[in-house]
Amino acid sequence: MATLEVEALEKRFGGVQAVRGVSFAIRPGEMLALIGPNGAGKSTCFNMLNGQLRPDAGRVRLKGRDITGMAPRRVWRLGVGRTFQITATFGSMTVRENVQMALLSHHRRLMRLWRPVARMDASAADALLARLGMAEQAGRPCGILAYGDLKRVELAIALANDPALLLMDEPTAGMAPQERVGLMALTADIARERGIAVLFTEHDMDVVFSHADRILVLDRGTLIAEGAPAAVRADPRVREVYLGSGNMMSPGQGGH
Amino acid sequence: MRWCGPSGRRADPALLENLVLQALSGLASASSLFLVASGLTVIFGVSRIVNFAHGSLYMLGAYLAWTLVTNLPRGHLGFWGGVLGAALLVGLIGLVVEVLLLRRIYRAPELFQLLATFGVVLIVQDLALLAWGPQDLLGPRAPGLRGSIEILGLRFPLYELFLIGVGPVVLGLLLLLFHRTRWGTLVRAATQDREMVGALGVNQRMLFTSVFFLGSVLAGLGGALQLPRESVNLHMDLSIIAEAFVVVVVGGLGSLSGAALAALLIGELHAFGILVFPKITLVLVFLVMAVVLVVRPHGLLGRPAAAAHGAGAAEPPIGPAPRPLKLAGGAALALALLLPPFAGNYALTVLTDIAIFVLFAASLHLIMGPGGMASFGHAAYFGLGAYGAALAAQWLGASMLGGLVLAPFVAGLFGLLFGWFCVRLSGVYSAMLTLAFAQIAWSVAFQWVELTGGDNGILGVWPDAWAAGKLTYYYLALALCLGSTLLLRRIIHAPFGYALRAQRDSVLRAEAIGIDAFRIRWLGFTLAAAAAGIAGGLFAYGKGSVFPTTMAISRSVDALLMVLLGGVQTLSGPIIGALAFTGLQEQLVRITDLWRLVLGSVIVVLVLFFPQGLAGAARTAWERRHGDT
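The listed protein sequences correspond, in order, to chains A and B.
Heads up: the first sequence at position 209 corresponds to 218 in the working numbering, and the numbers run straight through without jumps.
Heads up: the second sequence at position 581 corresponds to 583 in the working numbering, and the numbers run straight through without jumps.
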């Protein structure tokens, strides 16, 4: 069964139709990229998937269950991890504590008043951080971390509740080029390992074409193409949309 | 409602006329209120400073007008010249305050600015006392406006009629200024997005200073124009600032037309409230504010403030106390345990108070520090605990232990109720709603004489026989307060405390990992209220009586001062703050009549030079010495 099915999603802001009739599905372990020029409706689309925004019409199903319009925290409980375009972490906590919070929430232990957090789920958090190559940073406060590291922390947080689906909004924005490929390769490994479906938006076409199993192209709120990277690259409508706006038209740079 | 309704024929014939006159006098108060509130709202709009000292500027306006008018030659020139001169002088005083103090703290957290302006309030109070003495001063009446005219057969003072005209004229002039001049356009632009205006190369310093000057002139004018209406006294500052806050918040922070509308609403509410609900006049205003904020979280004409672009530096993580702190804490505890048997009764009373205020401050810190919420009305829960215990003793014949058990429940229950409304809002609005609820609680205690004895309070709330000795009671208070404070500390280190900080650091991330931010805030608020209730209950039995002042604004401000003095960002902050504040105040009151002046100056110096509070400054110094980061 598909992890996520999206059916005829619509969103309108005032007179602007931000997303119209978007439908797609994503399988476990699949890396699906959602691309499109600025203002195509990527973020709007994204925010409707985890409940940040309520769609005007359409359905979102997670493992067959209707989650349309559910609050973000309930969507998370059903197994959807999320990273943000601009990282959102708890700046006054250490890297380890950030992950511990997600674990504690997952185990529904947030209302505990007595036992110190320091002694709860610390080893599980460390294991996750080690998997992401962040073990050495575990004790540092998030408030002073480099941006690329924050992106990794977000990923660790998003993985803490054993999600079936990861939503990553521009996971590599603001990172150095070498770091980008590293992070996405790691994400793809983990996704395959654990059968997690990953949906991500991305501006860096190198990242998209080297890591996506499949690509969706959004333009002015509508899906104009869908398919394997090679097919999408060859699609004349995609070429038209991207004409003169980026490096996706130069084949051979994708690292394939 | 015997006086309105469709069958007007049966009503008293003079009633309609009375109502008209009542409405007119409501308009006159609205006008005065608007003058003060407009200055406050314009200053807030541009500088985002909640200026507690605005009421002090108003009071100075009245005092200066009195001096000028009584010293200048009598007549039109003397009076009106004196009033305008006072307004301009107050403008200059505001200018000095802005340049010397506020300009340096525009980037500081909101609450520090509030603390600084409160320091100014204290300083001005004592300076006014020095300059004009403690007695009420009566000013002359306005030349040409001494008499009254007949409206519908009833007499109405001419001066009130004049005041009714002043409000709209000032509003019109301000609107012209803001919409027809380049300066006004900049002010409006800065109100919407301060950073953007700065990025456009506008000289922000000049803009802020000039806006502060204008706001201060308006406050001074408002005060000066009161001269023929009421006596000038030292309580004018705090009584007007509470009302002006209400007006500004109800109207929407930064909105001039909103302030006008709200002033009208509140002015008329005062006028008619006395007719319709004479028993709950004090509650009415704050009830309206609470309702407005619940229905329209940004006031009548306000809009959500643009999110601050550059968020402040993140707080450092919390951890177990370092060794020196543990040692210091242990030493303090040893002193608190071993010294009192050798202390006199007076010292024991002071020490008991300190223990109680440590818990009170620690409970507020839970909301402000980890919770990231501001409360201007935390005394409500202190007072509700005190009244809960006292009422149980008076009406149910409860023992001291029963009363002390009841206290946190009463406070917690109201915390649950009030908190549900307060934690939905954010920033200043949330803080003002907490103030509104505190004022409602205070008004009920003040006006429900049958139950609470009103101003006379509830007497004879004495401890049980076994705890009647001062020393025993001190140890009881120390055990309960210290225990509760340590429990709060424990909670901050437990998952719930972390969840509180999580929603403070990033609501977006918190919700994205299943944390219900609202529920966490709500429960945190309730927990803090219950803890304050314990402190309040102990306070009641310690003093043997309870008065409405236990939940007055000044007590809420005391708690704020303690937390901010100690430092919001450190767990030991509230404890040190409570010790420093209570100790300092106690000593100052004993050695000098001008304790407000000294305390205010200390606060201002602290805000300027130790913005992290005492504990925060100590930590920074310690870390620097040990090369830690």
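Glycine included, each C-beta is placed from N, C-alpha and C at the ideal position.
Between residue 130(B) and residue 62(B), the gap from beta carbon to beta carbon is short of 8 Å. Think of a sphere of 7 Å around the beta carbon of residue 114(A): the chain B residues whose beta carbon falls inside it are 515, 516 and 517, in chain order. With its beta carbon at least 8 Å from every one in chain A, residue 279(B) lies outside the interface. Taking 8 Å as the cut-off, the beta carbon of residue 142(B) is found closer than this to the beta carbon of residue 71(B). Annotation note: the stretch 381-429 of chain B contains the following uninterrupted alpha helix (DSSP H) runs of length 4 or greater, listed N- to C-terminal: 381-397 and 402-424. In the DSSP assignment, residue 545(B) falls within the alpha helix (DSSP H) that extends over 519-545. It is roughly 11 Å from the alpha-carbon of residue 396(B) to the alpha-carbon of residue 464(B). Spatial neighbours of residue 204(B) in its own chain (CB-CB distance under 7 Å, excluding positions within 5 residues in sequence) are listed in chain order as 188. With 16 or more other Cβ atoms from the protein chains shown falling within 10 Å of its own Cβ, residue 414(B) counts as buried. In this chain, the beta strand (DSSP E) harbouring residue 25(A) covers 25-35. Closer than 8 Å to the CB of residue 492(B) there is at least one CB belonging to chain A. Rounded to the nearest angstrom, the gap between the Cα atoms of residue 184(A) and residue 156(A) is 7 Å. If the five residues before and after residue 54(B) are omitted, its C-beta is found closer than 7 Å to the C-beta atoms of 116, 119, 120, 123 and 243, all from its own chain and listed in chain order. Using beta-carbon distances, residue 126(A) counts as an interface residue toward chain B, with a partner under 8 Å. Residue 585(B) is positioned such that its CB atom lies no closer than 8 Å to that of residue 568(B).
Residues of chain B with a Cβ closer than 9 Å to the Cβ of residue 14(A) do not exist; the shortest Cβ-Cβ separation is about 22 Å. Secondary structure of residue 90(A) (DSSP, three-state): strand. Judged by beta-carbon spacing, residue 372(B) lies within the 8 Å limit of residue 503(B), meaning their Cβ atoms are closer than that value. From the listed residues 537(B), 618(B) and 184(B), the smallest Cα separation to residue 575(B) is found for 618(B). Under the three-state reduction of DSSP, residue 378(B) is assigned to coil, being neither helix nor strand. Below the 8 Å Cβ cutoff, chain B contributes 497 as neighbours of residue 129(A), in chain order. Taking every protein chain shown into account, the CB of residue 128(B) has 16 or more other CB atoms within 10 angstroms, so this residue is buried. DSSP, reduced to helix, strand and coil, places residue 71(A) within a strand of the structure shown.
Under the three-state reduction of DSSP, residue 15(A) is assigned to strand.
166: these are the residues of the stretch 162-185 of chain A whose beta carbon lies less than 7 Å from some beta carbon of chain B, given in chain order. Taking residue 134(A) as reference, the option from 87(A), 122(A), 18(A) and 148(A) with the minimal CA-CA separation is 148(A). Annotation: Cβ neighbours of residue 503(B) in chain A (cutoff 8 Å, chain order): 99, 101 and 102. For residue 214(A), the uninterrupted alpha helix (DSSP H) segment begins and ends at 214-220. If you look at residue 503(B), you'll find it in the alpha helix (DSSP H) that goes 497-507. Against chain A, a Cβ distance below 7 Å from residue 511(B) picks out 97, 98 and 99. Taking a Cβ-Cβ cut-off of 9 Å, the neighbours of residue 500(B) in chain A comprise 99, 102, 106, 109, 110, 113, 119 and 126, given in sequence order. When secondary structure is reduced to three states using DSSP, residue 209(A) falls in the strand class. Residue burial is scored here from C-beta neighbours: residue 184(B) has fewer than 16 other C-beta atoms within 10 angstroms and is therefore classed as exposed. Taking 8 Å as the CB threshold, residue 18(A) stays off the interface with chain B.
Distance from the Cα of residue 246(B) is smallest, within the candidate group 60(B), 420(B) and 351(B), for 60(B).
At a C-beta separation below 7 Å, residue 122(A) has these neighbours in chain B: 493, 496 and 498.
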